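Number of protein chains: 2
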Amino acid sequence: MDARIPSSNNESPWLPFESRRRARDEKREAVLRTAVALFLEQGYHGATLNEVAKRLNITKPALYNYFRGKDEILYECWSIGNELVDDCIAETSAGGGSGLDKLRKLIVRYAELMTADYGKSLVRFDIRDLSEHNRKIVQTAKRRIDRAFRDYIAAGVEDGSVQACDPKLAAFAIAGSLNWIGHWFQPGGELSGRAVAEEFAIRLTEGIAKTTTQATSTRKTTARKAAAAPAAEKVDKPPRKGNATREETSEHHTRTAAGAAGQSKRARSRLR
Amino acid sequence: MDARIPSSNNESPWLPFESRRRARDEKREAVLRTAVALFLEQGYHGATLNEVAKRLNITKPALYNYFRGKDEILYECWSIGNELVDDCIAETSAGGGSGLDKLRKLIVRYAELMTADYGKSLVRFDIRDLSEHNRKIVQTAKRRIDRAFRDYIAAGVEDGSVQACDPKLAAFAIAGSLNWIGHWFQPGGELSGRAVAEEFAIRLTEGIAKTTTQATSTRKTTARKAAAAPAAEKVDKPPRKGNATREETSEHHTRTAAGAAGQSKRARSRLR
DNA sequence: ACTATTTATTACCCACGGGTAATATACGGG
DNA sequence: CCCGTATATTACCCGTGGGTAATAAATAGT
Chain A
1 MDARIPSSNN
11 ESPWLPFESR
21 RRARDEKREA
31 VLRTAVALFL
41 EQGYHGATLN
51 EVAKRLNITK
61 PALYNYFRGK
71 DEILYECWSI
81 GNELVDDCIA
91 ETSAGGGSGL
101 DKLRKLIVRY
111 AELMTADYGK
121 SLVRFDIRDL
131 SEHNRKIVQT
141 AKRRIDRAFR
151 DYIAAGVEDG
161 SVQACDPKLA
171 AFAIAGSLNW
181 IGHWFQPGGE
191 LSGRAVAEEF
201 AIRLTEGIAK
211 TTTQATSTRK
221 TTARKAAAAP
231 AAEKVDKPPR
241 KGNATREETS
251 EHHTRTAAGA
261 AGQSKRARSR
271 LR
Chain B
273 MDARIPSSNN
283 ESPWLPFESR
293 RRARDEKREA
303 VLRTAVALFL
313 EQGYHGATLN
323 EVAKRLNITK
333 PALYNYFRGK
343 DEILYECWSI
353 GNELVDDCIA
363 ETSAGGGSGL
373 DKLRKLIVRY
383 AELMTADYGK
393 SLVRFDIRDL
403 SEHNRKIVQT
413 AKRRIDRAFR
423 DYIAAGVEDG
433 SVQACDPKLA
443 AFAIAGSLNW
453 IGHWFQPGGE
463 LSGRAVAEEF
473 AIRLTEGIAK
483 TTTQATSTRK
493 TTARKAAAAP
503 AAEKVDKPPR
513 KGNATREETS
523 EHHTRTAAGA
533 AGQSKRARSR
543 LR
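Protein sequences, first through last, are from chains A and B. Mapping to our numbering: the first sequence position 159 is 159, numbers consecutive. Mapping to our numbering: the second sequence position 184 is 456, numbers consecutive.
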């Protein structure tokens with residue numbers, strides 16, 4: 001079975017025989033970090049919970065202390081990625097600048113997200129592996145992201161920083177390039193995530209930017225961190241997703257969404 | 273179990289109680305058409321062979337007369353898509369024009385492929401669901417496609433039709449946009465595949481085209497693609513992807529790769 | 001019509017992996 | 001020190017679905 005050797009290396013909170021008292025959330029997040037990496041590496045269906053557990057020096061059932069099932073883990077991975085994107089959009093929207101400025105800012109941030117695990121989970125995981133309920137949340141959130149791109153482009157067209165074009169198609173084209181990063185980018189290559197992000201921000205907007213005239217101004221600044229905004233979030237843990245078919249009536253699943261579709265803002269923590 | 277009603281609708285060669293004598297290849301392709309549609313609709317892992325068979329008015333084991341397993345069906349779907357792309361590249365390379373001309377031509381054709389089932393299979397299916405052997409073929413072919421984009425861009429830079437840029441990143445950006453079409457495009461929407469393709473050909477090259485000055489003439493040329501180079505591809509049939517059980521020696525399923533990595537050119541037919 | 005071959009069906013097998021039950025161990029508090 | 005709670009383990013269940021064996025029905029050739 002699992003060797004359970006002291007091994008040494010990694011940073012699992014469950015070092016075989018040691019202080020295993022770390023905060024619950026820390027462990028929960030460790031599960032997600034491990035899971036997202038494995039899911040990306042082997043594919044959601046190719047990865048097993050036993051393997052996830054093994055990498056954490058625990059056994060499969062222990063995972064069920066933190067999640068109701070494999071699909072929930074998948075959802076939570078996705079959810080974290082989504083929060084990161086939401087933050088990008090929030091920051092970008094908060095900052096000033098023309099439509100083009102905002103578009104470029106969003107591209108840079110979004111592109112860089114796509115070079116990291118949680119960002120990749122947004123585009124590499126299949127929505128159909130989620131429960132009906134979570135799938136809807138994801139779909140809604142995806143539309144919101146798409147909306148952000150379109151809105152910036154439309155704003156740019158209106159303020160003159162962007163050429164006249166179909167915002168919908170232009171957004172698809174840009175988002176496609178960016179999302180694709182999540183498929184080919186491998187850390188450790190010749191290009192850093194940052195470099196790719198900045199190159200893309202320029203390349204992808206050259207086609208629609210109004211280069212002639214237009215000073216584009218760009219004050220830079222703006223993007224101040226916008227230091228958080230707590231957001232309570234209170235949730236309990238319902239007894240598993242009812243598994244086979246029928247969906248429970250009321251209670252159950254209260255959580256799920258948490259910050260996903262809502263504000264987000266790094267609130268994920270307590271559960272149960 | 274399965275109703276086996278005359279139903280009516282679809283074009284399955286196996287109309288319940290009727291002339292089921294159609295040519296083998298026709299049936300084989302019918303399986304692939306059904307499979308690719310189902311795989312796209314429900315995901316490879318979500319779709320079952322029973323469901324594929326049911327849609328064809330046959331039963332699961334009958335599928336094994338045409339394919340060695342689910343993963344081979346997946347591979348064949350992918351393979352057809354790949355042949356279509358190969359044809360695009362071949363045609364584009366054969367035609368004349370500057371690097372930019374060729375790039376645009378390829379974009380239009382490739383984009384349109386992405387709006388159809390077999391094209392989508394190129395970007396929606398997970399390479400990890402294939403056998404080791406087929407996975408390598410797919411990876412090689414993908415690199416070839418990427419190469420085509422890069423070569424056209426590089427040729428364009430050299431002949432002056434394209435701005436100086438990193439062909440690798442530019443190719444990724446363009447391919448990303450195009451591949452993404454395979455994820456969002458739904459036939460029956462407001463835009464036809466053709467319309468999307470042509471819009472993208474323009475939008476995606478505006479960023480790198482040398483609009484100012486440069487007549488795109490410039491002798492240069494160089495980057496001739498060096499028309500093809502056959503590469504025979506000869507493969508025999510290894511005893512199933514490893515897995516359990518032994519495998520028959522000869523006959524049955526000789527095909528496998530066939531034109532996949534090689535020329536393609538609508539050669540798929542004969543088998544056994 | 002008889003036979004060989006192809007193609008389909010029914011009835012199975014069984015490995016894999018998600019999920020659960022029963023239980024053991026650690027910890028924190030009174 | 002004892003008890004309750006949180007957390008982990010061992011041992012198990014079992015549905016699903018890919019794949020196979022045995023066999024029947026259709027087809028072609030002579």
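Even glycine gets a Cβ: it sits at the ideal position worked out from N, Cα and C. Remember, predicted model here, so these are calculated numbers, not experimental data.
Whose CA, out of the options, lies closest to the CA of residue i?
| i | options | result |
| --- | --- | --- |
| L74 of chain A | A:S93, A:L103, A:K60 and A:R124 | A:R124 |
| I107 of chain A | A:D25, A:G188, A:I145 and A:E29 | A:I145 |
| K102 of chain A | A:L113, A:T115, A:M114 and A:C88 | A:C88 |
| T140 of chain A | A:N82, A:G160 and A:A47 | A:N82 |
| K210 of chain A | A:T48, A:L100 and A:F39 | A:L100 |
| G367 of chain B | B:C437, B:A442, B:Y424 and B:G465 | B:Y424 |
| F67 of chain A | A:A154, A:P187, A:G160 and A:R24 | A:R24 |
| G465 of chain B | B:R419, B:C437, B:K326 and B:G391 | B:G391 |
| R55 of chain A | A:F185, A:D159 and A:T34 | A:T34 |
| A362 of chain B | B:Q314, B:Y316 and B:R419 | B:R419 |
Please tell me whether residue i has its Cβ less than 9 Å away from any Cβ of chain B.
| i | result |
| --- | --- |
| G242 of chain A | Since pLDDT at G242 of chain A reaches only 37, below the 50 mark, its modelled position is unreliable, and no value is offered. |
| C165 of chain A | yes |
| E303 of chain A | Lying outside 1 to 272, the shown extent of chain A, residue 303 of chain A is not represented and no answer is given. |
| P230 of chain A | Only weak support exists for where P230 of chain A lies, its pLDDT of 39 falling under 50; the coordinates are left without a value. |
| F172 of chain A | yes |
| R203 of chain A | yes |
| W184 of chain A | yes |
| H45 of chain A | yes |
| I153 of chain A | no |
| W78 of chain A | no |
| G176 of chain A | yes |
| T115 of chain A | no |
| D129 of chain A | yes |
| N179 of chain A | yes |
| L169 of chain A | yes |
| P238 of chain A | Residue confidence is low: P238 of chain A scores 48 on pLDDT, short of 50, so the model does not pin down where it sits. Its coordinate-derived value is still stated next. By this cut-off, P238 of chain A is not an interface position. |
| T216 of chain A | Bear in mind that a pLDDT of 39 at T216 of chain A, under 50, signals an unreliable position, so the number given afterwards is only what the model happens to contain. Cβ-Cβ to chain B under 9 Å: no for T216 of chain A. |
| T213 of chain A | Bear in mind that a pLDDT of 40 at T213 of chain A, under 50, signals an unreliable position, so the model cannot answer this. |
Could you confirm whether any beta carbon from chain A is found closer than 9 Å to the beta carbon of residue i?
| i | result |
| --- | --- |
| R305 of chain B | no |
| V468 of chain B | yes |
| D398 of chain B | yes |
| E478 of chain B | yes |
| L394 of chain B | no |
| Q411 of chain B | no |
| D373 of chain B | no |
| I361 of chain B | no |
| L463 of chain B | yes |
| I417 of chain B | no |
| K377 of chain B | no |
| L328 of chain B | no |
To which residues does DSSP link residue i through a beta bridge?
| i | result |
| --- | --- |
| V434 of chain B | B:A481 |
Answer with buried or exposed for residue i, where buried requires no fewer than 16 other C-beta atoms within 10 angstroms of its C-beta.
| i | result |
| --- | --- |
| K27 of chain A | buried |
| P439 of chain B | buried |
| N322 of chain B | exposed |
| N406 of chain B | buried |
| R150 of chain A | buried |
| R415 of chain B | exposed |
| D117 of chain A | buried |
| E72 of chain A | buried |
| R128 of chain A | exposed |
| E471 of chain B | buried |
| G461 of chain B | exposed |
| T92 of chain A | buried |
| T320 of chain B | exposed |
| T59 of chain A | exposed |
Between residue i and residue j, how many whole angstroms is the CB-CB distance? I'm expecting something under 8 Å.
| i | j | result |
| --- | --- | --- |
| G428 of chain B | S370 of chain B | 6 Å |
| Q163 of chain A | I208 of chain A | 5 Å |
| A111 of chain A | A197 of chain A | 4 Å |
| V36 of chain A | S121 of chain A | 5 Å |
| V31 of chain A | W78 of chain A | Contact doesn't hold; Cβ gap of about 14 Å is too wide. |
| T477 of chain B | R376 of chain B | 6 Å |
| G176 of chain A | N451 of chain B | 7 Å |
| L113 of chain A | L84 of chain A | 5 Å |
| A53 of chain A | L40 of chain A | 17 Å between Cβ atoms; not a contact. |
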